[in-house]
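Q: If you read the sequence shown in this note's numbering, its first letter stands for residue 224, the second for the next number, and so on. Glycine included, every Cβ here is placed at the ideal spot set by N, Cα and C.
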Amino acid sequence: MGRTQAEEHGTAGPRLVGHPATGTEDASAVDRDVSGAVGRVLDHVLADRVARARDVDPLFGDDVAGRVAHFTRTGGKRTRSRFLWWALRACGGEGAATVGAALRIGAALELLQTCALVHDDVMDGSALRRARPTFHVDVAAQYADAAPAGRAGRLGDGTAILAGDLALVWADDLLAETPLEGDGGRAVRRIWSDMRTEMVAGQYLDLHGQATGSRSLPRALRTARVKSALYSVERPIALGAALAGADDGTAAALCAAGRCVGTAFQLRDDLDDVFGDPRRTGKPTGGDIGEGKPTCLVAVAHARAEAAGDRRAL
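If you want it as structure tokens, here you go:
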């Protein structure tokens, strides 16, 4: 039998101790509706966080914290938390404490995704997300009449940056409040730490490629792997496997499959950007191409045009 991820330091997995309220879900009930179970944890956590934010200042509580909560609750497919859950179940994870920890970390992943999306929309200047105005656009529209000319847009951008930061803080708080102990708990936290860094690195690679006009296919694939495959699929799977105390071989196999799925997801997203129906994708067509993003689709098209001597296409 292989060694577990946590056994490098001599334990068989995370020891889970007394949990804050996460409902009375058992594993089989969560199996039937993972998104709903994660959503119930989010409802509980976000209600508390928004109330505390309003105690700090009612305006901040409504304009920033309330919007973060609404954005996180509505829309989205809970993809990352579902990958975490099914990796956990594939590795035999069960029991009330393990289920509670998985749901809380799944909720933390959803908050981390809120941070990523809100910041990404500001950097890209996107107007739509999930078929609705993006966070910064919504704030700017709210204050269009109240703020002097030009300042509503700056307020929207700045508020969105703060909102993304707040979502990240709440995600980290939620993980920190999940009572994992021992080497298994340290493994979970190490994966989480790596994932946050990779999320930022992927966004930087995207910005760098856009600014420099990179058309390198290897670089585009690298960006897709760091920005999407690791953050969206591989790391959530690794978190689920670590929570279940999976052996290293099992965890590595699951993560390798996740890397392929995550890369395929990004390649499909590149196609949707050009050929997708905005009614289905929830965002405008041609946004990435128009902004000069270094996608794999652009890299392949550029290489083929160059090989064919098609200067017009270049």
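What are the boundary residues of the alpha helix (DSSP H) that includes L462?
A: Looking up residue 462 in the sequence shown gives position 239. Residues 458-467.
Q: Go ahead and pull the three-state DSSP assignment for D417.
A: Translated into positions along the sequence shown, residue 417 becomes position 194. Helix, per DSSP.
Q: Could you tell me if A394 is buried or exposed, where buried requires 16 or more neighbouring beta carbons within 10 angstroms of its beta carbon?
A: For the purposes of this step, residue 394 is identified with residue 171 of the sequence shown, where counting begins at 1. Its Cβ being crowded by 16 or more others within 10 Å, A394 is buried.
Q: Report the option in K300, R290, F358, Q365 whose CA atom is closest to the CA atom of D256.
A: As a working mapping, residue 256 is identified with position 33 in the sequence shown. Measuring from the Cα of D256, the nearest candidate turns out to be K300.
Q: D396 bridges to which residues according to DSSP?
A: The residue given as residue 396 occupies position 173 in the sequence shown. DSSP lists no partner for D396.
Q: To which residues does DSSP link R351 through a beta bridge?
A: Walking along the sequence shown from the start, residue 351 turns up at place 128. Residue 351 is actually Leu in this sequence, not Arg. Answer is P356, bridged to L351.
Q: Based on Cα-Cα distance, which residue from G481, W309, Q433 lies nearest to R458?
A: Position 235 of the sequence shown, counted from the first residue, corresponds to residue 458. The shortest C-alpha separation from R458 is found at G481.
Q: Give the range of the alpha helix (DSSP H) segment to which V521 is assigned.
A: The sequence position of residue 521 within the sequence shown is 298, counting from 1. 519-531 is the span of the alpha helix (DSSP H), which, as asked, contains V521.
Q: Suppose only complete runs of 3+ residues qualify. What are the beta strand (DSSP E) ranges in the region 252-332, listed by chain order?
A: The qualifying runs do not exist here; there are none.
Q: Measure the Cβ-Cβ separation of G505 and A354 and say whether it is below 7 Å.
A: As a working note, residue 505 is residue 282 in the sequence shown. As a working note, residue 354 is residue 131 in the sequence shown. Closer than 7 Å, so yes.
Q: Taking DSSP as the reference, what is the three-state secondary structure of Y366?
A: Position 143 of the sequence shown, counted from the start, is the residue given in the question as residue 366. In this structure, Y366 counts as coil in the three-state DSSP scheme.
Q: Which stretch, first to last residue, makes up the alpha helix (DSSP H) that contains A447?
A: Position 224 of the sequence shown, counted from the first residue, corresponds to residue 447. Taken as a continuous stretch (DSSP letters only), the alpha helix (DSSP H) holding A447 covers 440-447.
Q: According to DSSP, simplified to helix, strand and coil, what is S455?
A: Within the sequence shown, the letter at position 232 stands for residue 455. Note: S455 maps to helix in three-state DSSP.
Q: In angstroms, rounded to a whole number, what distance separates the CA positions of V411 and G405?
A: Counting from 1 along the sequence shown, the entry for residue 411 is found at position 188. Counting from 1 along the sequence shown, the entry for residue 405 is found at position 182. V411 and G405: Cα-Cα distance of roughly 10 Å.
Q: For a test of the three-state rule: what should DSSP assign to R535, helix, strand or coil?
A: Locating residue 535 in the sequence shown gives position 312, where the first residue counts as 1. Coil at R535, not helix or strand.
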